[in-house]
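Encoded as structure tokens, the structure appears first; notes follow it.
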Amino acid sequence: MANFNLPQRLDQLISNRVDQVICGGIDPFCLNQLGSRGISVLHNVSGEAEVIFNLFLKGRLRPGFCCEKRRRGMFCGRKKGPPWRA
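Sequence positions in the sequence shown follow the working numbering and run 19 to 104.
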């Protein structure tokens, strides 16, 4: 999908029946474009993919969630979000 433009990427997501996207960052325009096509976005999420995916499956993942390794173990919680909301 790297060579696709935005409309082509959106069409590809729709054709693959994607209804949820988890991402680290997204601009308001793309957030709106996905939403207008019925794709919900969990944005401003960061951490290891396996940890984030397991939290998603448990229903515990929210926009602005951060799960990172620190000196004293793992930190998982909310980080400061973007100035817009999904």
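Each residue gets a CB set at the ideal place from its N, CA and C atoms; glycine is no exception.
Which residue marks the beginning of the beta strand (DSSP E) containing Ile40, and which one marks its end? 38-40
Using only the alpha-carbon positions, how far apart do His61 and Ala20 sit? 20 Å
Rounded Cβ spacing between Ile44 and Val63 (contact assumed at less than 8 Å): Actually they are not in contact, since the Cβ atoms of Ile44 and Val63 sit about 10 Å apart, beyond 8 Å.
Determine the contact status of Cys85 and Gly56, defining contact as a CB-CB distance below 8 Å. no
Determine the burial state of Leu24: buried for a count of at least 16 other Cβ atoms within 10 Å of its Cβ, exposed for fewer. exposed
Once you ignore the five residues that flank Gln38 on each side, which residues in its own chain have a CB closer than 6 Å to its CB? Ser58
Cross-strand partners of Phe71 (DSSP beta bridge): None, per the DSSP bridge assignment.
Take the Cβ of Leu75 as the centre, count every other Cβ of all protein chains shown within 10 Å, and call the residue buried at 16 or more, exposed below. exposed
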